[in-house]
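According to the numbering used here, the stretch in the sequence shown is residues 475 to 1212, in order. Take a look at the structure set out below.
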Amino acid sequence: MSAQTLSIPVERFDELDPKEYIIIKGARVHNLKNLSVAIPRNKLVVVTGLSGSGKSSLAFDTLFAEGQRQYVESLSSYARQFLARMEKPEADYIRGVAPAIAIEQRVTSRNPRSTVGTTTEIYDYMKLLYARVGKTYSPVSGKEVKKETVQDVMNYILSFQDGDKLHVLCPYKLNKKQPVAILLNTLLQKGFTRLELDGEVHFIEDLLQDEAKVKIAKSVEILIDRNVLDKQDEDKIFRLTDSIQTAFYEGHGYCTIEILGIERRSFSDKFEMDGIEFEEPSLNLFSFNNPYGACKTCEGFGKVLGIDEDLVIPNKNLSVYEGAIAPWKGEKMGEYLTPLLKNGIQFDFPIHRAYYDLTDEQRQLLWVGNKYFTGLNEFFKYIESQTYKIQYRVMLSRYRGRTLCPDCRGSRLRKDAGYVKIAQHSITDLVLISVDDCARFFAELQLTDYEQKVVGRVLEEIKNRLGYLQKVGLGYLSLNRLTNTLSGGEFQRIKLATSLGSALVGSMYILDEPSIGLHPRDTRQLVEVLCQLRDLGNTVIVVEHEEEVMRSADQIIDIGPEAGSGGGVLVAQGSIEHGSFSLINGYHSHTLDFLEGREEIEVPKFRRNQLHWIHVKGARENNLKNVNVSFPLHNLCVVTGVSGSGKSTLVKKILYPTISKICGGIPTEESGKVDRVDGSLEKVKQIEFIDQNPIGKSSRSNPVTYTKAYDAIRNLLADQPLAKQRGYKPSHFSFTVE
């Protein structure tokens, strides 16, 4: 039987093959009313209907719960003890369910170390890439750092002409605690006969008679071998190789070759250059979750508790003269500002220019100070030294916050990791740019044949996973972006991209409205990703209302006809593309009415007056670029734009926390970077932020208790004559009181 067939009668369910269909008969979870439906496997299926009609009850509480339960039951009893047991959904039977993966509209990761790169596993592949083919460059000379081998030294020697005389030497460090005679005799016992002191060769036996020469010499080297280059003489070549190995051993990793009268060069088998010993590239070196690779100052978090510039300079549109520096106000603290205002002309500091317009050097000068005035850093050091006084402790707390780590500058890694580069880019450079730019870098990256053999597969994985992020409309994110700062929709699409990267086959993916927050421009790419996930051999079930997604689905399941107790019934099933989407048992479908144009959302004929406004000036959080915008009060205002344009950042990080502080509340989000928020703020008495997170975590919480309506209900019941006769109080009608 074809999977494109119309809704299949319940009587024929026994004929269906569970390899082709997921068969649910008599589902009674929540408000589902004995719902029976056959869902084709390995297809893109959309479950739609009114809010509260039972879509999530079918998709998550029935299908996902049963798929997860069956998967857990298939594991060993030892493995099952570590996993949460799921209750079996109430239904006559459910057949053909595959292992289920639910991707919901909420951020499940609160780990402060979790980033887009780690969640998608792209960063893991990048660590492997840099550990295998990354090259270390000295920050002093810019030259590549190499660990030189015996073969490198031999290649150097063989670059000269036959007949050239050469010396193989190694440095010798005198042990001042031992007599020189003992040290020289030890060298004789090892078979060495000559030393080179400040460039002159001496026999060790002669030096035993004149130890003073050794003591006053600035440079002491052991002459390991003297030779005449003959490239055709295999014995001489073997002897040179052996001498070089001895030199590295006796010189503790250092060897010197002197081609007499031509050139002298030192070699080291240590990973060093320009007097700096570097760490060799390894996986741990690029891991900020590992103590070896993490920055020692911030411990891999990228931020430290320190003086927050945004709190010290809250309004960056003001100049220093206008009072931009918040702690330098008042009669006493203003004494720190006065020298700057008086002497600013001495070092060309523009005291009348807005802080935001100052150059980086001028801003740095404010913090560092000079001989004319005390800088902010020195000022706060003094305040910290006075914290035994309560007023200074309170003052310091006003300006403390999570600031960028001064050592790693937010990269989270130790400095050595930044010295390792591929095509002149360190791993830090790549995680700070957008996914689009990162994908472009890897697409243009040219590797040698040897490097391609070593990391070809790794590079392909990086390209694929970056491509998946672009396809789900997240090309604007950076790999260093913390996952706990993402919106629910962004996190869901990251999980979707990760699922594509893992290339699982034979699974059942259940998604909760993945098109929420997506601009129509990005919806088409989302559909392509869902189809790609399906084409891998998975069943993709999407709870969705977006028309374009519905029209692209292989099959639509409409639950209704109304919400709550009026829902829980299969009202329509089929495919729009194949013209088979139709009603079942005569039920009415609002979805079909909208798809066929019989219903539409009416546009209001009259608009409200916009008398009062709130103005946001200079918003610069995340990807906002000095945005100025005004919001009308007492109006329904919509913030829209393509995915990643900064909508959530503007509302969640700027507008809400700033107004919440003004209203005397405690915001759930940290305030983002903004110059000021002003306007008719006196008209706002309270602000509430409603997001997609669950409102209650208690198993006893329900809509009546959450809205406090149950208090009035309990009081009403306690006032009844029978309740008074029995001595019942409101607490007798509470299910939270024993």
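Backbone N, C-alpha and C define an ideal beta-carbon position, used for all residues, glycine too.
- Query: Does the beta-carbon distance from L1000 to V946 come in below 8 Å?
  - Reply: Here residue 1000 refers to the residue found at position 526 when the sequence shown is read from its first residue. Here residue 946 refers to the residue found at position 472 when the sequence shown is read from its first residue. Their beta carbons are under 8 Å apart, which means L1000 touches V946 by this criterion.
- Task: Check the DSSP bridge columns for E732 and list the partner residues they point to.
- Result: Along the sequence shown, one-based indexing puts residue 732 at 258. Partner(s): H641 and R738.
- Taking the continuous alpha helix (DSSP H) assigned at E695, which residues delimit it? On the sequence shown, residue 695 is found 221 positions in, with the first residue counted as 1. Looking at the DSSP string, E695 is not in any alpha helix (DSSP H); the run it does join, the beta strand (DSSP E), is V694 to V702.
- Quick one: which unbroken alpha helix (DSSP H) runs of 4-plus residues sit fully inside the stretch 843-880? Chain order, please. Counting whole runs of 4 or more residues, the stretch 843-880 contains the alpha helix (DSSP H) stretches 850-859 and 864-873.
- Could you spell out the range, first to last residue, of the beta strand (DSSP E) harbouring M807? As a position in the sequence shown, residue 807 is number 333, starting the count at 1. Run containing M807: none; DSSP gives neither H nor E here.
- What three-state label does DSSP hand T959 in the structure shown? What you label residue 959 is simply residue 485 of the sequence shown in a count that begins at 1. Helix.
- Message: Quick check on the DSSP output: the alpha helix (DSSP H) that includes S612 runs from which residue to which?
- Response: Mapped onto the sequence shown, residue 612 falls at position 138. Counting along the chain, S612 falls outside any alpha helix (DSSP H), and DSSP gives it neither H nor E.
- Task: Check the C-beta distance from R569 over to I497 and give it rounded, since I have them as a contact under 8 Å.
- Result: In the sequence shown, counting from the first residue as 1, residue 569 sits at position 95. In the sequence shown, counting from the first residue as 1, residue 497 sits at position 23. Yes, R569 and I497 are in contact; Cβ-Cβ is about 4 Å, under 8 Å.
- DSSP state of I596, grouped into three classes? If you number the sequence shown from 1, residue 596 lands on position 122. Here DSSP, grouped into helix, strand and coil, assigns I596 to helix.
- Closest residue to L1069 among I1058, I1050, R1081 and E809 (Cα-Cα distance): The count along the sequence shown starts at 1 and reaches residue 1069 at position 595. Looking at the Cα atoms, I1050 is the closest of the given residues.
- Item | Segment limits, beta strand (DSSP E) that includes F821 | Numbered from 1 along the sequence shown, position 347 holds the residue referred to as residue 821. In this chain, F821 is not harboured by any beta strand (DSSP E), its DSSP state being neither H nor E.
- Query: Considering only the beta carbon of each residue, do I577 and Q966 sit closer than 8 Å?
  - Reply: Your numbering for residue 577 matches position 103 in the sequence shown. Your numbering for residue 966 matches position 492 in the sequence shown. Contact flag set, yes.
- Item | From E695, I736 and F1163, residue whose alpha carbon lies closest to that of F634 | To locate residue 634, count along the sequence shown from 1; it is residue 160. Among E695, I736 and F1163, the Cα nearest to that of F634 is on I736.
- 7 Å CB neighbourhood of T479 in its chain, flanking five on each side removed: Here residue 479 corresponds to residue number 5 of the sequence shown, with the count starting at 1. Because T479 sits at a pLDDT of 43, beneath the cut-off of 50, its placement in the model cannot be relied upon, and the following sentence gives the value as read from the coordinates. Closer than 7 Å at the Cβ level, and outside the excluded window around T479, lies no residue.
- Just the C-alpha distance for K1159 and I1128, rounded to the nearest angstrom, thanks. What you label residue 1159 is simply residue 685 of the sequence shown in a count that begins at 1. What you label residue 1128 is simply residue 654 of the sequence shown in a count that begins at 1. Each residue's alpha carbon lies about 18 Å from the other.
- Query: Is the beta carbon of A1192 less than 8 Å from the beta carbon of K1182?
  - Reply: As a working mapping, residue 1192 is identified with position 718 in the sequence shown. As a working mapping, residue 1182 is identified with position 708 in the sequence shown. It is not a contact, given that the beta carbons lie outside the stated cut-off.
- Count the C-beta pairs between the stretch 943-959 and the stretch 605-614 that are closer than 8 Å, then say yes if the count reaches three, no if not. no
- Item | Length at least 3, wholly inside the stretch 869-938: the beta strand (DSSP E) runs in chain order | 874-878 and 894-896
- Message: Please tell me whether A572 and G541 are closer than 8 Å, where the distance is taken between their beta carbons.
- Response: Residue 572 sits at position 98 when you count from the first residue of the sequence shown. Residue 541 sits at position 67 when you count from the first residue of the sequence shown. Against a cut-off of 8 Å, the Cβ pair of G541 and A572 comes out as a contact.
- Item | Own chain residues within Cβ distance below 6 Å of S1117, not counting five before or after | Translated into positions along the sequence shown, residue 1117 becomes position 643. Only G947, L992, H993 and D996 meet the Cβ criterion.
- Under a three-way DSSP split, which group does V519 fall into? If you number the sequence shown from 1, residue 519 lands on position 45. V519: strand per DSSP, three-state reduction.
- Item | Collapsed DSSP secondary structure at R584 in the structure displayed | As a first step, residue 584 must be located in the sequence shown, where it is residue number 110. It is coil, neither helix nor strand.
- May I ask you to report which of helix, strand or coil DSSP gives N1102? Start at 1 with the first residue of the sequence shown, and residue 1102 comes out as number 628. Here N1102 sits in strand by DSSP.
- Between the C-alpha atoms of I1133 and I787, what's the straight-line distance to the nearest angstrom? Position 659 of the sequence shown, counted from the start, is the residue given in the question as residue 1133. Position 313 of the sequence shown, counted from the start, is the residue given in the question as residue 787. Each residue's Cα considered, the two are about 18 Å apart.
- Given 8 Å, three or more beta-carbon pairs between the stretch 666-673 and the stretch 695-704: A contact exists between the stretch 666-673 and the stretch 695-704.
- For I678, name the three-state secondary structure that DSSP assigns. As a working note, residue 678 is residue 204 in the sequence shown. I678 falls in the helix class under three-state DSSP.
- Item | Contacts around G1197, its chain only, beta-carbon distance under 7 Å, and the 5 residues preceding and following it disregarded | Position 723 of the sequence shown, counted from the first residue, corresponds to residue 1197. It should be noted that the sequence gives Ala, not Gly, for residue 1197. Counting only Cβ-Cβ distances below 7 Å, and skipping sequence neighbours, we find L1191.
- Task: With a cut-off of 8 Å on the beta carbons, I'd call L518 and L1004 a contact; round off their distance for me.
- Result: For the purposes of this step, residue 518 is taken as the residue at position 44 of the sequence shown. For the purposes of this step, residue 1004 is taken as the residue at position 530 of the sequence shown. At roughly 6 Å, the Cβ-Cβ gap stays under 8 Å, so L518 and L1004 are in contact.
- Same chain only: Cβ atoms within 6 Å of R1174, ignoring 5 sequence neighbours per side: One-based indexing of the sequence shown puts residue 1174 at position 700. Closer than 6 Å at the Cβ level, and outside the excluded window around R1174, lie T1210.
- Around the C-beta of L1085, are 16 or more other C-beta atoms found within 10 angstroms, so that it is buried, or is it exposed? As a working mapping, residue 1085 is identified with position 611 in the sequence shown. With fewer than 16 other Cβ atoms within 10 Å, it is exposed.
- Item | Residues near N758 in its chain [Cβ-Cβ closer than 7 Å; skip 5 each side] | By 1-based counting over the sequence shown, the position of residue 758 is 284. For N758, where only same-chain residues beyond five positions count, the Cβ hits under 7 Å are N764, Y766 and G767.
- W841 - partner residues in DSSP beta bridges: In the sequence shown, residue 841 corresponds to position 367, counting from 1. In the DSSP output, where bridge partners are listed per residue, W841 has none listed.
- In angstroms with no decimal places, state the Cα-to-Cα distance between V932 and V511. Counted from its first residue, the sequence shown places residue 932 at position 458. Counted from its first residue, the sequence shown places residue 511 at position 37. Those two C-alpha atoms are separated by around 43 Å.
- Quick one: residues in its chain with C-beta nearer than 6 Å to the C-beta of E618, no 5 flanking neighbours on either side, listed in chain order? In the sequence shown, residue 618 corresponds to position 144, counting from 1. Answer for E618: K609 and Y611, listed in chain order.
- Message: Counting only beta-carbon separations shorter than 8 Å, does H1064 have a partner in chain C?
- Response: The structure shown contains no chain C, having only a single protein chain.
- Item | Chain-order list of residues whose beta-carbon lies under 8 Å from that of Y597 (same chain, five-residue window excluded) | Taking the sequence shown and counting its residues from 1, one reaches residue 597 at position 123. Listed in chain order, the non-local C-beta contacts of Y597 below 8 Å within the same chain comprise T589, G591, V905 and L953, local neighbours out to five positions each way being set aside.
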